[in-house]
Structure formats: structure tokens, C-alpha cells
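Novice: Pasting a structure here, questions to come.
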Amino acid sequence: MNVFIRLGETTLAMLQKLGRSHLFLLHVLSGVPGILLRPRLLSAQVFSLGVLSILIIAVSGLFVGMVLGLQGFNVLSDFGAEESLGVMVAASLVRELGPVVTALLFAGRAGSALTAEIGLMKATEQLSGMEMMAVDPIKRIVTPRFLGGLIAMPLLAALFSMVGVMGGFFVGVGLLGVDDGAFWTAMHTHIDFWDDIINGVIKSLVFGVVVTWIAVFEGYDALPTSEGVGRATTRSVVFSAFAVLGCDFVLTALMFGDA
Amino acid sequence: MVTASDNALFGAAQDIPAGASLAYNRVPSGWTAPNDSPAPGNSDEVLVAVRNLSFARGERHIFDGIDMDIRRGKITAIMGPSGTGKTTLLRLIGGQLRPTAGSVAVDGQVVHTLRLGELYELRKRMGMLFQSGALLTDIDVFENVAFPLREHTRLPESMIRTLVLMKLQAVGLRGASRLMPSELSGGMARRVALARAIALDPMMIMYDEPFTGQDPISMGVLVQLIRQLNDALGLTSIVVSHDVHETAAIADYIYLVSAGRVVGQGTPAELADSDSAWVRQFMQGLPDGPVAFHYPAADYAQDLLKAR
Ligand SMILES: Nc1ncnc2c1ncn2[C@@H]1O[C@H](COP(=O)(O)OP(=O)(O)OP(=O)(O)O)[C@@H](O)[C@H]1O
Ligand SMILES: [Mg+2]
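Which chain is which? The protein sequence lines are L and G, in order. Position one of the first sequence corresponds to residue 1 (the numbering used here), numbered consecutively onward. Position one of the second sequence corresponds to residue 260 (the numbering used here), numbered consecutively onward.
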């Protein structure tokens, strides 16, 4: 019997949290016009979420691209199709790995920091203090961070894919001797702007919304203690990872399912 | 249900009928305290009217129908043992918490019935000094004090600078304007928070434990400052404190709160002469008396024996 009570309570708590998170998102979005009038608040966030993530994204992109080059070459050369290496590397990056790995790294690097920052501001009464100064903390603190994450994510994903292609090129052409011209020509002819690039951008926009939303909500909803903030940070990264992978499956099925 | 009339210390409060709290919930804004309000004097003098206020956190009743009048231009102190809900009361006045029954009206507006926009307009006229200071940790002292000015006004930078330096000078920390909050001591942080609270020249300030963590010198300065701000700027001040002597020295009127009730009120002189056992215990800091030092608990000896 107790098990059922506990199950019911947990389910109710989860549904309540889901409801809160949606109301929270509406509140965050209601602050967008105000923030667009104060671009400095936004650019500061694009800097701390985006620019400061460049290094980890670029280095990871380089290695992922190099691995793709190696693995792709091994498989493709069995069929004598080494010239397609460029397409393979670019398509995997632009369609999948770019948006997905960037989102996962972003959740670990920037999302966790967002959750901890907002959670600590709550724990130290900074948000409360702002309310008493008649400043809406959601609009003033959360909205610029949310928009910053939204802007940073597609740019970081693009950077990841670009550096990844360079890595693939370096391994495939530089080390394994694939033909330079063939590598680029095949990529040019087979990568479609709408089908591949735009779909990839849409994915990373969706991931940007999901990861940043989870991060700011977990911070805002955290118990205002050190332990509460610690737990919220963990939850933020774990939920973000699940959400990104789940959304990726759905989006991929919608975008590439019938091709 | 406990009504205000149960409170024997509350002379005229008996005029408020039981269940009045429900009626107060629905009064339109623009409502002012009725003339038979507990405190003597004209209702126009009352800036904050607390009527039959009850508040509970879960099962725990923190307030059980309290009534208070905070009068304009005066320093009103709210004193009571730790954990009685003094901070909670300030949050109810500021509209951060909703009463379970009863109401708080500030300048004629019933706080919990206001829409968010109206509430924010009202809060611009209230300053609050948090117990922890609540400074923004990512910007320096100067920017912290400038924060409300930048958010709510379009003053030119030179004007903001002048105003901020004036406020910091008042709390004696002009020299610390470029320090980060993490580089301040607890007492300094609270003084910066005070400078920030007066940045917008509010009509009232709520001080939550302004004296804790102050050395004797800054304590003296702070006491003076609260008095001067109150008199020179015509503010209304609410001071929450445990420090009986400092508070008695500046307060015009004192409410003593314990276990969810107002257990004593009056001018410092009246309270000093009070023959209520409770008031005497608190004002003189005696360990024995009607107030228990301990949070409610099982029998001590039993508890210790259980451990075996
Ligand atoms: N967020 C909360 N959740 C549950 N209970 C709370 C919460 N905040 C405060 N309380 C309870 O409410 C009571 C009143 O708290 P409050 O902070 O108002 O006390 P206080 O009078 O300001 O005490 P102090 O003088 O120590 O600052 C406390 O007993 C506390 O247990
Ligand atoms: Mg307190």
C-alpha cells in the first residue's frame, strides 16, 4: 500500500513541477521585449555562456572529427569509397553530432553553471532582495540567460561542425591519403543546404531552448540551501542529457524519417 | 478560531468582530484602517495597518491573528525571540508571502490583493534591509547601490555617481565603493545594503536585524543614522531587532511578538515599567519566565535516555 502512496505522490510532484516549469517559461518569455531594449545584459550572457564555451567545443569538435575521419576511412575503404569520406564526416557532424554533442557539452559546461548561479542567488536571498527592490528577478536575471543560451547554442554547434570537418580532413586527407579534391567535391555536391544544414540548425535551436530552460528552471526551483543547489545542478545536467537525446530522436524521425 | 479579541493586551481591538478577517480580504484598495483601530490616533497617521493577520507554514502557525499599526514618520520596533516570525512579518508586509487570513495594508493598499504591477509600484516606495544583506555578488559595492537607480530611473551617469557616493558616505563606506561583496565583512555588507535600500528615497524602510555584527562604533553610527534618516527624510521605519537597549533608544513604539501573538506594546518607557511578566523577561533578558528558551521538544531526560 505504501508503495502506491509513494508512487502517487511522486507522480503528482513530477506533474506539479512540469506545470511550474511551463508557467516559469511563460514568465521568462514575457521578459524578452524588456531585455531586447537592454542589449548589454544579453551580450554579457552570450559572452559568459557562448564565448567562454568556445575552447571546450572547438577541442571536442576537433577530436570527434578526427575519429570520424579514421573510422569512416576504415569502413569506406572496404568498399573502395574513400572519396565519400568528406560527405560522411560532414553529414554526421552537421546532422547529428554537431547539435547533439554540443548540447551535451553545453549542458555540462554552461548549463550546470547557470543552475548553480541562479540557485545560489536564491539561497543567498539575492532574488528575494531584487523582488523587494521592485525588480522582477525572472525578467532581469533569468530572461537574459535564457536568450543567451538560445543564441549561443546554434553558433557553438556550427563551430563544432566546422572544426570537426577540419579534423576529418586532417586525418583523411593529411594522414590517410584520401584525395584532396574528391574530399571537398563530394561534400559540396551531397550536402544539401536545407536538408542538412538548416535541419541541423533547427535541432541545435531546439536543444538550446531545452537545455537552457532546464538549467534556469532547476536553479530557480532549487531548495535554497547548499545541498539543494548541488542536487539541482546534478539534475540539470542529467535531465538535459535525457531531454537532448530524446528530442534528437523525435526530430530526426520527423526530419529524415521518410528520406 | 482565534480572534483579535482573545488578545487581552489589545484594548480597543475587541471592537473587531470575529471573522472580520474574511471581510478584510475583500476590501478594495484605497481602504484605510477603520477609526476604531487598536492604536490611538488618526488613521491617516497609520502607514502600515496589520489586521487580524494569520500565517501558517504547513501545519505550523506562525501568526495567529495579530494586529499592528505602523505610524507615519515614526520608528516602530518589532521585537521577539528568535524564530517567532519577525522576518516572516516583514515579508508579509512586502507582499512576498500571502497571509492565510487577515490583511496587511500599506498606505491604504491591501498588499495581497494587489496585482503584480501595482505591487511593484508599491515596493519602489519601500526599502528593505535583509538580515543577510542580500547584495548581488557579481557586481561591486558601487554597482550594488546604483542597481535600483539604474533599474528604475533614467538618470545620467554623473547623477547616479553623485547619489551613490552620497548614500555610501552616509553609511561610512565611500572608500569601499570598488570592493566586491565577497571582500566585505558581515557588518559592512549590511551597511552597503542599507545604502542600497535608501537609494530610491523610499517612504518607508524595513530593517531586519540591522545591529547584528556591528562593532560598538558602527553600531552607534547606525543607530544615529536610522534616527536621522527617519527624521530628516520623513521616513517611516520598521526595525526588527533583538537588541533591547539599542532598539529602546531609538524606537518611538515597540511591539513585542511571541508565539504568533502580540504580547506587549507601547513606548519604550511604558514597556520598561510594564508589569507583564513576559515583557519584563524579554526587556531584561532573564532566562526564566513565561518564554521558553527552547524550541518545543520532548522531555530532555527522556530524550537522552532514549539514545541508549
Ligand atoms: N522557508 C521556510 N519554510 C518553512 N518554515 C520556515 C521557512 N522560513 C522560516 N520558517 C519558520 O518560520 C519561523 C519564523 O521564521 P523567521 O525567519 O520569520 O523568524 P525570525 O523571527 O526572523 O527569527 P530570527 O530572529 O532568528 O531571525 C521559524 O520558526 C522557521 O522555522
Ligand atoms: Mg529573522
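We put the beta carbon where it would ideally sit given N, CA and C, even for glycine. Note that the structure is a prediction, hence the values are computed from the model and not measured.
Would you call the CB atoms of L:G50 and L:G111 closer than 9 angstroms?
Specialist: As a first step, residue 50 of chain L must be located in the first sequence, where it is residue number 50. As a first step, residue 111 of chain L must be located in the first sequence, where it is residue number 111. No, Cβ-Cβ distance for L:G50 and L:G111 is not below 9 angstroms.
Novice: Should G:S341 be listed as close to ligand 1, given that the test is whether its C-beta is under 8 angstroms from any heavy atom?
Specialist: Your numbering for residue 341 of chain G matches position 82 in the second sequence. Correct: G:S341 has its Cβ closer than 8 angstroms to ligand 1.
Novice: Would you tell me roughly how many angstroms separate the C-alpha atoms of L:L37 and L:V206, rounded to the nearest one?
Specialist: Position 37 of the first sequence, counting from 1, holds the residue named residue 37 of chain L. Position 206 of the first sequence, counting from 1, holds the residue named residue 206 of chain L. Each residue's alpha carbon lies about 24 angstroms from the other.
Novice: Within the stretch 403-466 of chain G, note down every full alpha helix (DSSP H) run reaching 4 residues or more, in order along the chain.
Specialist: Those alpha helix (DSSP H) runs which fall completely within the stretch 403-466 of chain G and span 4+ residues are 416-429, 445-456.
Novice: Just the C-alpha distance for G:A213 and L:A232, rounded to the nearest angstrom, thanks.
Specialist: Nothing about residue 213 of chain G can be reported from this structure: the residues present for chain G run from 260 to 567 only.
Novice: Comparing C-alpha positions only, which one of L:F183, L:M153, L:P154, L:A152 sits nearest to L:G167?
Specialist: Residue 167 of chain L sits at position 167 when you count from the first residue of the first sequence. Per the Cα distances, L:F183.
Novice: Is G:E410 close to ligand 1? I mean its beta-carbon at under 8 angstroms from any heavy atom of the ligand.
Specialist: The residue given as residue 410 of chain G occupies position 151 in the second sequence. No.
Novice: Between which two residues does the beta strand (DSSP E) containing G:D323 stretch?
Specialist: Counting from 1 along the second sequence, the entry for residue 323 of chain G is found at position 64. Here the beta strand (DSSP E) through G:D323 covers 319-330.
Novice: Please state whether the Cβ-Cβ distance between G:R455 and G:Q473 is less than 9 angstroms.
Specialist: Residue 455 of chain G sits at position 196 when you count from the first residue of the second sequence. Residue 473 of chain G sits at position 214 when you count from the first residue of the second sequence. Going by C-beta atoms, G:R455 is not nearer than 9 angstroms to G:Q473.
Novice: Return the residues of the stretch 106-128 of chain L that lie within a Cβ-Cβ distance of less than 7 angstroms from chain G, sorted by chain order.
Specialist: Cβ contacts with chain G come from T124, E125, Q126, S128.
Novice: Any beta carbon of chain G sitting closer than 9 angstroms to that of L:A241?
Specialist: On the first sequence, residue 241 of chain L is found 241 positions in, with the first residue counted as 1. For L:A241, the answer is no, since every Cβ of chain G falls outside 9 angstroms of its Cβ.
Novice: Between G:G270 and chain L, is the shortest Cβ-Cβ distance under 9 angstroms, so that the two count as touching?
Specialist: Position 11 of the second sequence, counted from the first residue, corresponds to residue 270 of chain G. Any reading at G:G270 must be qualified, since the residue scores a pLDDT of 34, below 50, and its modelled position is unreliable; no value is offered.
Novice: Pop quiz: G:K345 and G:V516 are said to be a contact at Cβ under 8 angstroms. What is the actual Cβ separation, rounded to whole angstroms?
Specialist: One-based indexing of the second sequence puts residue 345 of chain G at position 86. One-based indexing of the second sequence puts residue 516 of chain G at position 257. About 7 angstroms separates the two Cβ atoms, so the contact holds.
Novice: My assumption, with CB atoms under 8 angstroms, is that G:L373 sits in contact with G:A452. Please give the rounded CB distance.
Specialist: One-based indexing of the second sequence puts residue 373 of chain G at position 114. One-based indexing of the second sequence puts residue 452 of chain G at position 193. Actually they do not touch by this definition, with Cβ atoms about 25 angstroms apart.
Novice: Near G:G339, what residues of its chain come up, given a Cβ to Cβ distance below 7 angstroms and the 5 sequence neighbours on each side ignored?
Specialist: What you label residue 339 of chain G is simply residue 80 of the second sequence in a count that begins at 1. Cβ within range, chain order: K345, L515, V516, S517.
Novice: Would G:L408 and G:V423 qualify as a contact pair, given that the criterion is a beta-carbon distance under 9 angstroms?
Specialist: Residue mapping note: residue 408 of chain G aligns to position 149 of the second sequence, counting from 1. Residue mapping note: residue 423 of chain G aligns to position 164 of the second sequence, counting from 1. Yes; because the gap between Cβ atoms is below 9 angstroms, this pair is in contact.
Novice: Using a C-beta cutoff of 9 angstroms, does L:V171 count as contacting chain G?
Specialist: On the first sequence, residue 171 of chain L is found 171 positions in, with the first residue counted as 1. No, L:V171 lies away from the interface with chain G (no Cβ there is under 9 angstroms from its Cβ).
Novice: In whole angstroms, give me the CA-to-CA distance for G:F470 and G:Q390.
Specialist: Position 211 of the second sequence, counted from the first residue, corresponds to residue 470 of chain G. Position 131 of the second sequence, counted from the first residue, corresponds to residue 390 of chain G. Taking the straight line joining both Cα atoms gives about 10 angstroms.
Novice: Per the contact definition of three or more C-beta pairs closer than 8 angstroms, is the stretch 235-247 of chain L in contact with the stretch 106-122 of chain L?
Specialist: As far as the Cβ criterion goes, the stretch 106-122 of chain L touches the stretch 235-247 of chain L, which means the pair count is three or higher.
Novice: Consider the C-beta atom of G:H501 and the heavy atoms of ligand 1; say whether any pair is separated by less than 8 angstroms.
Specialist: Along the second sequence, read from residue 1 onward, the residue named residue 501 of chain G stands at position 242. Yes, Cβ of G:H501 sits closer than 8 angstroms to a heavy atom of ligand 1.
Novice: L:F106 bridges to which residues according to DSSP?
Specialist: Your numbering for residue 106 of chain L matches position 106 in the first sequence. Looking at the DSSP assignment, L:F106 forms no beta bridge with any residue, so it has no partner.
Novice: What three-state label does DSSP hand G:S341 in the structure shown?
Specialist: Within the second sequence, numbered from 1, the residue matching residue 341 of chain G stands at position 82. Coil at G:S341, not helix or strand.
Novice: Could you check whether the Cβ of L:E131 sits closer than 9 angstroms to any Cβ belonging to chain G?
Specialist: Position 131 of the first sequence, counted from the first residue, corresponds to residue 131 of chain L. For L:E131, the answer is yes, since a Cβ of chain G falls inside 9 angstroms of its Cβ.
Novice: Is the beta carbon of L:L147 closer than 9 angstroms to that of L:Q16?
Specialist: As a working mapping, residue 16 of chain L is identified with position 16 in the first sequence. As a working mapping, residue 147 of chain L is identified with position 147 in the first sequence. Their beta carbons are not under 9 angstroms apart, which means L:Q16 does not touch L:L147 by this criterion.
Novice: So does L:K203 have its beta carbon nearer than 8 angstroms to some heavy atom of ligand 1?
Specialist: Indexing the first sequence from 1 puts residue 203 of chain L at position 203. Incorrect: L:K203 has no Cβ contact closer than 8 angstroms to ligand 1.
Novice: Would G:I321 pass as a contact of G:T347 if the rule is Cβ separation under 9 angstroms?
Specialist: Sequence index remark: in the second sequence, residue 321 of chain G carries index 62 (1-based). Sequence index remark: in the second sequence, residue 347 of chain G carries index 88 (1-based). Contact flag set, yes.
Novice: Could you give the DSSP three-state label for L:G219: helix, strand or coil?
Specialist: For the purposes of this step, residue 219 of chain L is taken as the residue at position 219 of the first sequence. Note: L:G219 maps to helix in three-state DSSP.
Novice: Taking G:T526 as part of the beta strand (DSSP E), name the residues at either end of that continuous run.
Specialist: Start at 1 with the first residue of the second sequence, and residue 526 of chain G comes out as number 267. No beta strand (DSSP E) holds G:T526; DSSP gives it neither H nor E.
Novice: So, is the C-beta of G:S280 closer than 9 angstroms to a C-beta in chain L?
Specialist: Sequence index remark: in the second sequence, residue 280 of chain G carries index 21 (1-based). Annotation note: pLDDT 36 at G:S280 (below 50); position unreliable, coordinate value reported separately. No, G:S280 lies away from the interface with chain L (no Cβ there is under 9 angstroms from its Cβ).
Novice: Within the stretch 112-173 of chain L, note down every full alpha helix (DSSP H) run reaching 4 residues or more, in order along the chain.
Specialist: You should have 112-123, 126-132, 143-169.
Novice: Can you tell me where the beta strand (DSSP E) with G:A308 in it begins and where it stops?
Specialist: Residue 308 of chain G sits at position 49 when you count from the first residue of the second sequence. Its beta strand (DSSP E) spans residues 305-316.
Novice: Classify G:Q368 as buried or exposed, calling it buried when 16 or more other Cβ atoms lie within 10 Å of its own Cβ.
Specialist: Looking up residue 368 of chain G in the second sequence gives position 109. The residue is buried, with at least 16 neighbouring Cβ atoms inside 10 Å.
Novice: Quick one: which residues of the stretch 395-412 of chain G get their C-beta closer than 9 angstroms to a C-beta of chain L? List them in chain order.
Specialist: Within the stretch 395-412 of chain G, the residues whose Cβ lies closer than 9 angstroms to some Cβ of chain L are L395, T396, D397, F406, P407, E410, H411, listed in chain order.
Novice: If you draw a straight line from the alpha carbon of L:G230 to that of L:G219, how long is it in whole angstroms?
Specialist: By one-based count along the first sequence, residue 230 of chain L stands at place 230. By one-based count along the first sequence, residue 219 of chain L stands at place 219. Going from the Cα of L:G230 to the Cα of L:G219 covers about 10 angstroms.
Novice: How many Å lie between G:I476 and G:A560 at the Cα?
Specialist: Translated into positions along the second sequence, residue 476 of chain G becomes position 217. Translated into positions along the second sequence, residue 560 of chain G becomes position 301. Going by the C-alpha atoms only, they are around 44 angstroms apart.
Novice: For L:L12, I'd like the list of residues in its chain whose CB is within less than 6 angstroms of its CB, leaving aside the five on either flank, ordered along the chain.
Specialist: Residue mapping note: residue 12 of chain L aligns to position 12 of the first sequence, counting from 1. Here the set comprises nothing.
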